[in-house]
Every structure is written in C-alpha cells, then in structure tokens.
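First up is the structure itself, then whatever we jot down about it.
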Amino acid sequence: MSAKLNVLAVALVAAAGSSIAAEPAQPAPAAAAPAAAAPAAPAAYPWVVPDVDKLPNDKYGQMVRMGRDLVLKTYQYIGPEVADPAKRFAGNNLGCTTCHLDGGAKKDGNGFVGTYVGYPAYKAREDSVQTIEERINGCMERSMNGRRLPLDSVEMKAMTTYMRFMSTNVPVGANVAGLGLPKPGKFPDRPADPVQGKQVYDQFCVACHGPEGQGVRVGQAGDAQGYVNPPLWGPDSYNDGAGMNRVIMAARFIRNNMPKGVTAEAPVLTDEQAFDVAAFINSQPRPKKAGLEADFPARINKVVDAHFPPYREGFTAEQHKFGPFKPIIDAMNKEVAAAKKK
C-alpha cells in the first residue's frame, strides 16, 4: 500500500499546477557521452519573518502596518459589518489570517515569506499568468465570499506592500522552506469518509469550532469584530469555489496546522484523520459561487479534487470530491503524456 500512497502524493503535486508545454525532444548524439551528474536541487531558503514593529513610523512603515492589520482583522476594515457600505468588500467575517496563519508568518501555514517574489505566476485555475493583485482578488471572491478590491484602492496597496515586506531579502525564484503547505501526505487509496470525519471532528475540532461548525465570535453579530475561532461552514464561511473546499487541499492544511498550534513536524492528526475530517467539513452547507464550470479552462490542468463540472471522462462528481483519487490521477497523467506527444 505504501507504494500506492507515495505515487498518489507525487502525482497530486504535479497535477496541482501542471502545464502541457514542453521543449521539443532533441535527437540523441551520435556517440553516447558519459552521463552527466544531475544538478543538485537548490538549497531551501530559510523561513525568516521580518519584524514589522522595527519599521519606522514613516509612510512605508504605516502602509506595511495597515496591510498587516487588513490581513489580521479583515472583517474590521472591509468586512460585511463595517459601517461604510462602500467598504464591505468581504462577504463573510473571516480574516485573511484564517487561512494564512499568523498573518502569513507561520511556516507551512500558507505563509507569505517568499510569496510576493513568486509573482507574476501561471495559475491553472485561470489558465493565465496572474499578478499578486489578481491572486488576492481570487481570495476575495472565494475564501472571503465577497467582491474584488479595486487595484488602486488603499487596501490593495497596503496588502501588497505588506506581502512585499514579508518577502524582504528573499530572491526571485528562491525555494523557501515552509512556503505554502507541505506536499500531500500518505492519504489512503480509498474515498475520504465523512462519517469517520465527523468522529474526528467531535474529538479534535468541536471545542473550538462548535458542534454546528459555527465558530466562536469575539463579540456579537453585527459588531465587525470577527471570530476567535472561525466558522467552518454555514453562511459566514468560505464559499464552494475556495481552494479549502477541496478535500486534498483542506486535508493538507488541517494535518499540518490543526488543532491550533501544531506544526508540520509535530502533527496531532494522522493523514487519514485529516483526509476524513476534511471530507466531513466540506460535506456541510456553505455559500455557492456562480460560474465554477469556467474554472480550469485548460481542462487537462483541472486538479483532481475539483468536484464541479465538467468531469474527467469515466469519473463522477462524487469521486472528484472524495476519491479515490489515484484512478483520476492516472487518467490525467495519460492525457498529459498524450498531449506532449502531439
């Protein structure tokens, strides 16, 4: 079984952002030369979080701090309960830090160290090269269930300035240790089980997120103060277009970061528990995003756990949502291999 699981983990990473573009094959040399040693993988750049509080109180420092505040307390500045209707860009009372832990400072927690210098970047969901501003607005429309920030708004400028500061001294193209989420773990080669997931939820999650996934508010509804612990489903959570609504993505986040305070090096949940509880959470009701069928317009790049149409031939919505994912990955790899031969 371990061989299957390792194949699954590797293939999932490749499937997440693969492109069919490739260099044409070159003819072999007439006389075979001794095989050259493979180039060593670049050393990982260390996870170093710069200290915002050491910045001077000048315009740049103020902009960075504003960006940090927007990430930590999104609901207080652009949430649905703020006093000025024109500033209600987010459609729920989550914070960016709900998914980008510790304001983007947590290693292996969707952090921001190195993120800024990775853009512009190709994104399979849009099949286009995206700027950092476009990536932020993708989160605004999906995880925040809201609307896009104007590119020239002070809020957008503050967020991008903060993200740039978080990448201080990180060179373009650096392989930053702990950026994003760790690769998929050894998830079982079976469907994720929401029934088993509920047992995991009741044991490990309910104390913070509540029996109905409603979370724990700082104050009361309407006060624009957000949550101590966020809702995981329901009307004030992420919508079904968010990356966190995909079982593999959610399982990676949960396994390496939950319950609150754990690390990738010392997790509490097993891979199987994370897999199943992700299925339980994402089986609950949440806001709908229109137009998901337009995601991944280059269908060959559609990630295997994206469970909206169109589906890969021979696979159901149920299998795209819960797995088993290895048969879908195998089919995807065949498509990619065939496309490369054309």
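Using the working numbering, read the sequence shown as starting at 142 and increasing by one per residue. Using N, Cα and C, we set each Cβ at its ideal position, and we do this for glycine too. Here the structure is a predicted model, which means the values were calculated and not measured.
Between residue i and the rest of its own chain, which residues show a CB-CB distance below 7 Å, the 5 nearest in sequence each way excluded?
i	result
R396	G326, P408, L410, D412 and A415
R393	L322, P323 and P325
S294	none
N278	R289 and L290
Q355	P372 and G375
N370	C349, H350, G356 and V357
P261	V270, Q271 and T272
P486	Residue 486 falls outside the range modelled here, since the chain spans only 142 to 483, and no answer is possible.
R276	Y260
A162	Any reading at A162 must be qualified, since the residue scores a pLDDT of 32, below 50, and its modelled position is unreliable; the value itself is stated next. Excluding sequence neighbours, A162 sits near nothing in its chain.
Can residue i and residue j be called in contact, C-beta distance under 9 Å?
i	j	result
M307	P197	no
N286	K430	yes
D381	L433	yes
Y368	Y216	yes
D268	N442	yes
D436	M390	no
Y485	R305	Missing from the structure shown is residue 485; the chain here goes from 142 to 483 and no further.
N423	D249	no
V444	A265	yes
F456	Y342	no
V254	V189	yes
E296	Y218	yes
R440	P451	yes
E222	A419	no
Which same chain residues end up closer than 6 Å to residue i when comparing Cβ atoms and leaving out the 5 residues on each side of it in sequence?
i	result
G244	R209, V212, L213 and T238
D471	none
V403	V409
G220	A231, N234 and A365
Q337	D417
K462	H448
M204	A299 and T302
P165	With a pLDDT of 31 at P165, under the threshold of 50, the predicted position of this residue should be treated as unreliable, though the coordinate-derived value follows. Answer for P165: no residue qualifies.
G202	L196
Residue i CB to nearest chain C CB: under 9 Å?
i	result
Y342	No chain C appears in the structure shown, which is made up of a single protein chain.
Helix, strand or coil, according to DSSP, for residue i in the structure here?
i	result
Y201	helix
V89	A question about residue 89 goes unanswered here, because the residues of the chain that appear run from 142 up to 483.
Y452	coil
Y368	strand
Y487	Here the chain covers residues 142 to 483 and nothing more, so residue 487 does not appear.
P170	Legend: pLDDT at P170 = 37, less than 50; position of this residue unreliable, value from coordinates given subsequently. The answer is coil: DSSP assigns P170 none of H, G, I, E or B.
A157	Per-residue confidence for A157 stands at a pLDDT of 39, beneath the threshold of 50, marking its modelled position as unreliable; the derived number appears in the next sentence. If DSSP states are grouped into helix, strand and coil, A157 belongs with the helices.
K467	helix
Y186	strand
F437	coil
K230	Lys is not the amino acid found at residue 230; the sequence shown has Phe there. If DSSP states are grouped into helix, strand and coil, F230 belongs with coil.
A363	The sequence as given places Gly at residue 363; Ala does not occur at that position. In this structure, G363 counts as coil in the three-state DSSP scheme.
V341	helix
Q414	helix
M399	coil
K443	coil
Q425	coil
P332	coil
R387	coil
D545	Past the boundaries of the shown model lies residue 545; the chain is included only from 142 to 483, so the question cannot be answered.
K462	helix
G432	coil
A392	helix
D225	coil
D210	helix
Here's a check: name, in chain order, each residue in its chain whose Cβ is nearer than 8 Å to the Cβ of residue i, leaving out the five neighbours to either side.
i	result
A185	N316, V317 and A318
N251	C240, H241, L242, G245, G321, L322 and F394
P438	E267 and D268
M281	F230, A231, G287, R288, R289 and L290
L492	Lying outside 142 to 483, the shown extent of the chain, residue 492 is not represented and no answer is given.
V359	Q366, G367, Y368 and V369
P170	Residue placement at P170 is flagged as unreliable, the pLDDT there being 37, under the threshold of 50; a coordinate-derived value is accordingly withheld.
Say whether the stretch 399-415 touches the stretch 229-240, bearing in mind that this needs 3 or more beta-carbon pairs closer than 8 Å, one atom from each stretch.
-> no
Would you check if there are 3 or more beta carbon pairs closer than 8 Å linking the stretch 296-304 to the stretch 384-392?
-> no
Can you list, in chain order, the stretches of the alpha helix (DSSP H) that have 4 or more residues and sit fully within the stretch 268-329?
-> 273-282 and 295-307
Could I get the ranges of all uninterrupted alpha helix (DSSP H) runs contained in the stretch 237-266, with 4 residues as the minimum, in chain order?
-> 242-245
Contact the stretch 460-468 vs the stretch 329-337: 3+ CB pairs below 8 Å = yes
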